[in-house]
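The opening position of the sequence shown corresponds to residue 85 in the numbering used here, with each subsequent residue numbered one higher.
Yeah, the Cβ is synthetic: ideal placement off N, Cα and C, and Gly gets one too.
Notes for the one structure printed next.
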Amino acid sequence: MIAQINPSNITEIPYFIPIAITFAFFVGLFIGRSLKNNTYKNELEKCLLDKSTLVNNLKSESINFKEDNKIKAIQTRGRSGMALEGDLKVAKVKKTTTSLKLDFNTIGIASEEAKDDLKKIEGIGPFIEKKLNGIGIYKYDQLSKLSDKDIEIVTELIEFFPGRIKRDDWKGKAQLLKENRDKKN
């Protein structure tokens, strides 16, 4: 049968097309894999060369970690989200100071054992509840007794959105929850 193949009747053979396609597939697969392997080998060689260069630089130079290596944030966008024009400004990082202290004489002192579920107040989730507990606020009674000054201090201490405590009326909602709890008891 092979001897009878000539250019005029090659497409008439019923098995020729699937065999040709299979052959082309395997040739393409072989070429693709060899090119892919060569690419990865070249990348690996570059990485190994970079690594050895860095290791040699570290061995030859001593690094002084006692230098002041502070990371500074660079402000690239304004409050509106638009990119700042001109010189980039270094943003000032706010740190809470130890001078911010709540007046526990006014709001009261509570312990973690007798705490209320502060997450029932709209705007307080598990994360904010943990932060409130971290500064000593565990009960509805404490939240209901917050003064305006205390609200500002709490906002700073838990690093929360300014004005959010008043907008969500944590003080009023804590008072309602406290009254409802007292009625049940």
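Can you tell me where the alpha helix (DSSP H) holding residue i begins and where it ends?
i, result
"Lys255", "Trp254 to Lys268"
"Ser228", "Tyr224 to Ser228"
"Ala108", "Phe100 to Ser144"
"Thr160", "Unbroken run through Thr160: none, as it is neither H nor E."
"Pro210", "Pro210 to Gly218"
"Ile237", "Asp232 to Leu241"
"Ile249", "Arg248 to Arg251"
In three-state terms, what does DSSP make of residue i?
i, result
"Ala167", "strand"
"Ile205", "coil"
"Thr182", "Only weak support exists for where Thr182 lies, its pLDDT of 46 falling under 50; the coordinates are left without a value."
"Val177", "With a pLDDT of only 43 at Val177, under the threshold of 50, the placement of this residue in the model should not be trusted, and no figure is reported."
"Ala198", "helix"
"Phe188", "helix"
"Leu172", "Here the model assigns Leu172 a pLDDT of 48, short of 50, so the residue's position is not dependable and the matter cannot be decided."
Residues in its own chain within less than 8 Å of residue i by CB, not counting five upstream and five downstream?
i, result
"Thr182", "Unreliable positioning characterises Thr182 in this predicted model, as indicated by a pLDDT of 46, which lies under 50. A coordinate reading is not provided."
"Ala104", "none"
"Ala198", "Tyr222 and Lys223"
Can you give the beta carbon distance from residue i to residue j, rounded, assuming they're within the 8 Å contact cut?
i, j, result
"Asp225", "Lys257", "With a Cβ gap of about 13 Å, Asp225 and Lys257 do not count as contacting."
"Glu234", "Leu186", "The amino acid occupying residue 234 in the given sequence is Asp; Glu does not appear at that position. 6 Å between Cβ atoms; contact."
"Phe244", "Ile212", "7 Å"
"Leu216", "Ile242", "6 Å"
"Glu196", "Tyr222", "6 Å"
Leaving out five residues on either side along the sequence, give the residues of the same chain with a beta carbon under 7 Å from the beta carbon of residue i.
i, result
"Ala167", "Thr160 and Arg161"
At a threshold of 8 Å, does residue i count as lining the ligand PLP (C-beta to nearest heavy atom)?
i, result
"Glu127", "Of ligands this structure carries none, so the ligand PLP is not represented either."
Within a Cβ cutoff of 6 Å, which residues of the same chain sit near residue i, ignoring the five residues on either side of it in sequence?
i, result
"Val238", "none"
"Lys143", "none"
Meets three-Cβ-pair contact criterion under 8 Å: the segment 253-266 and the segment 202-212: In short, these stretches touch, since the Cβ pair count reaches three.
Are the segment 220-232 and the segment 185-197 touching by the rule of at least three beta carbon pairs closer than 8 Å? Taking 8 Å as the limit for Cβ pairs, the verdict is that the segment 185-197 does touch the segment 220-232.
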